[in-house]
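Presented below is the structure to which this report refers.
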Amino acid sequence: MLIEIRWHGRGGQGVVSVSRLLADAALIDGKYAQAFPEFGPERLGAPILGFTRISDEPIDVHSQIYRPHYVVVLDPTLLKTINVFEGLIENGSAVINTDKSPEEIKQEFSIEKFNVYTINATKIALEILGRPIYNTAMLGALVKASNLVSLESVREVTLKRFKGEVGEKNVAVINKAYEELEAS
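Using our numbering, read the sequence shown as starting at 877 and increasing by one per residue.
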């Protein structure tokens, strides 16, 4: 089955990197994968999209993702500026970086038909990395919410991408987000 993920963030938050990390983890797990951004004249801080497709079969689709199974929102300020839920399939899932509960998000945005998962990824990143770089926390949360790839493959690609202490700390961020994810 082809599963499609749309990532929402801002320029500089690691949307492109995290979409590729997920695809690389899928490849390690023996699946087919694509990862690509939507690029325009965006600048640091401008809203951007990243996309990941994962399948057990070769992927023949080469377009943007319009009907995702999952949306991952790295920057919670985007919830009030764009419709991040647009096109999300019925019973699809949203994984959101926020200090609010899934129930609060469902009520605030009237999205009862979706599964909502929340994680305070910013807090986790600040605790472990000392900086608000939360893309890997959102990856850990998505892995827990979706079970699309193994946590071990995510750890492996993260250590390959980020060397030494930076890699170890990012794995710690992934692990903590995986453990702390809240579901509706």
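Backbone N, C-alpha and C define an ideal beta-carbon position, used for all residues, glycine too.
Looking at the DSSP output, Arg882 shares a beta bridge with Phe927 and Val947. For Ile1004, the uninterrupted alpha helix (DSSP H) run begins and ends at Ala997 to Leu1005, by DSSP. Annotated three-state conformation of Thr957 is coil, per DSSP.
In this structure, the CA atom of Val1049 is about 31 Å from the CA atom of Ser939. In this structure, DSSP gives Asn1023 a state outside helix and strand, which the three-state scheme calls coil.
With fewer than 16 neighbouring CB atoms inside 10 Å of its own CB, Asn959 falls in the exposed class. The three-state reading of DSSP puts Phe985 in helix, counting H, G and I together. Judged by pairs of C-beta atoms under 8 Å, the stretch 942-951 touches the stretch 967-980, as three or more such pairs exist.
By DSSP's assignment, Ala911 forms a beta bridge with Thr928.
In the structure shown, Thr994 falls within a strand segment according to DSSP collapsed to helix, strand and coil. Phe927 and Lys989 have their C-alpha atoms some 22 Å from each other.
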